[in-house]
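Trainee: Those letters in the sequence shown? Residues 0 to 340, per numbering that gives the first Met the number 0, in order.
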Amino acid sequence: MMTSLKKSKAYWDARAKAEKIWQESAKKDIEKYNQHIVSMYNQATSDINRQIKADLALSEGKLIKADSMKEYESLAKRAVDKANALRAQGKHVTRKDFSKDVNDRLKIYNATMRINRNEILKSKIGARLVELGVDQEESLTNKLWNDYTKEKERQAGIFGITAKSNLWTSKEVQEQIAKQVAGANFSKRIWADIDGLKGQLDGLISSAVIRGEAPQKMAKWLTGMVSSTVSNQEYAAERLARTETARVYFTAQQNSLMKYGYKFVKWIAEGNACKVCRQFADKSTEYGDDGVYPVREVPNIPVHPNCMCSISAYWVDDDKLPKEPKNEDKDIQTIIDGLQS
Numbered sequence: 000m001m002t003s004l005k006k007s008k009a010y011w012d013a014r015a016k017a018e019k020i021w022q023e024s025a026k027k028d029i030e031k032y033n034q035h036i037v038s039m040y041n042q043a044t045s046d047i048n049r050q051i052k053a054d055l056a057l058s059e060g061k062l063i064k065a066d067s068m069k070e071y072e073s074l075a076k077r078a079v080d081k082a083n084a085l086r087a088q089g090k091h092v093t094r095k096d097f098s099k100d101v102n103d104r105l106k107i108y109n110a111t112m113r114i115n116r117n118e119i120l121k122s123k124i125g126a127r128l129v130e131l132g133v134d135q136e137e138s139l140t141n142k143l144w145n146d147y148t149k150e151k152e153r154q155a156g157i158f159g160i161t162a163k164s165n166l167w168t169s170k171e172v173q174e175q176i177a178k179q180v181a182g183a184n185f186s187k188r189i190w191a192d193i194d195g196l197k198g199q200l201d202g203l204i205s206s207a208v209i210r211g212e213a214p215q216k217m218a219k220w221l222t223g224m225v226s227s228t229v230s231n232q233e234y235a236a237e238r239l240a241r242t243e244t245a246r247v248y249f250t251a252q253q254n255s256l257m258k259y260g261y262k263f264v265k266w267i268a269e270g271n272a273c274k275v276c277r278q279f280a281d282k283s284t285e286y287g288d289d290g291v292y293p294v295r296e297v298p299n300i301p302v303h304p305n306c307m308c309s310i311s312a313y314w315v316d317d318d319k320l321p322k323e324p325k326n327e328d329k330d331i332q333t334i335i336d337g338l339q340s
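1. Under a three-way DSSP split, which group does S309 fall into?
2. Which partner residues does Y292 have in the DSSP bridge list?
3. Taking its Cβ as the centre, do 16 or more other Cβ atoms sit within 10 Å of I36, making it buried, or is it exposed?
4. Here's a check: name, in chain order, each residue in its chain whose Cβ is nearer than 7 Å to the Cβ of N33, leaving out the five neighbours to either side.
5. Spatial neighbours of V146 within its chain, please: CB distance less than 7 Å, with the 5 preceding and 5 following residues excluded, ordered by chain position.
6. For S230, I'd like the list of residues in its chain whose CB is within less than 6 Å of its CB, leaving aside the five on either flank, ordered along the chain.
7. Taking three-plus beta-carbon pairs below 8 Å as touching, is the region 46–56 in contact with the region 249–261?
8. Unbroken beta strand (DSSP E) runs of length 3 or more, entirely within the region 228–252: which are they?
9. Just tell me which of Y259, L131 and S226 has its CA closest to the CA of I157.
10. Please list, in chain order, all residues of the same chain as R348 whose beta carbon is under 8 Å from its beta carbon, the five residues on each side excluded.
11. List the endpoints of the continuous alpha helix (DSSP H) containing W190.
12. Quick check on L197: buried or exposed, where buried means 16 or more other Cβ atoms within 10 Å of its Cβ?
13. Can you grab the Cα-Cα spacing for the pair Q278 / D134, in whole Å?
14. Considering just the uninterrupted stretch of the alpha helix (DSSP H) at N141, what are its terminal residues?
15. Give me the Cα-Cα distance between Q232 and D317, rounded to the nearest whole angstrom.
Below you can see the structure in the form of structure tokens.
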């Protein structure tokens, strides 16, 4: 059962304050998740640098050749097995082309390696990056899935909705969440970023060989550059997580408000909101308060990659609604109809 939609102004002011408190909590959650991203990227950096040192030491400064083929095949198999296992376990990775993203890249690395044996180290690094992509997509998909569910639950609680405990695991609701999460474009962004990182690391390896330095010195320069390059990509991964989290929260909020019969929302700017978001929140409207918009016309969130603003339900009395313009054509038609009757 849902409580009455109309509330006092004091109630809506309290709701806005409560929303700001929730925003701070949401920001803490995303920062906690970003520590997980840091861990994933640090492990990948460590694995890649260890591979570089081992291969350069064994080859005396020349890129390793055919004797390392089996090692690459083992790395590639590990990435494929991980992707296949995630789908088999019924996890939230629901894109049909998830495994294809993995296999297509590994096939390219394998073909390149066999055409030019000097590319073996690059292919090994590529296999490790594919595994990183698998981990990142699976992790972010699960996060967004859980965030959408939790936000729908939060909105239901705000409006006094009593839902059965199994509501959020029903097939219908699960399909709706999958549409909002797995149907999004963030997975394409992840793999585009992985491809970009692979290209940058390939360039570094080629530069290291051209420098022609002793293996130890070459490894020191190369591992330092790899660490810096991967660290830059790590920030992009964190930003993507923040962007997609805000998108999922906004979608859950907007869908809930429309479902529960609210026609208006109030834009709640986060504590360190940018100038554009502040303008949305402070905009004087015809609905009796600043930052109030029709629920279907409110600007989409996120406004920018790091945006963590949100929306809250708002009630507008009928006497504050803008008057519809008089339709003279309709009046004329009414007169004509009267003459013809």
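Ideal Cβ positions, reconstructed from N, Cα and C, are used throughout, including at glycine.
Mentor: Put simply:
1. strand
2. For Y292, which the question treats as bridged, DSSP gives the partners V264.
3. Answer is buried; the Cβ neighbour count reaches 16.
4. E237 and A240
5. In the sequence under discussion, the amino acid at residue 146 is Asp, which differs from the Val named in the question. Only T244, V247 and Y248 meet the Cβ criterion.
6. Cβ-Cβ distances below 6 Å link S230 to nothing in the same chain once the five nearest sequence neighbours on each side are left out.
7. The region 46–56 vs the region 249–261: no contact.
8. none
9. Y259
10. Residue 348 is absent from the model: the chain starts at 0 and stops at 340.
11. F185 to R210
12. Note that residue 197 is Lys in the sequence shown, not Leu. Around the beta carbon of K197, 16 or more other beta carbons sit within 10 angstroms, so the residue counts as buried.
13. If I take the Cα positions, the gap works out to 38 Å.
14. I119 to I157
15. 51 Å
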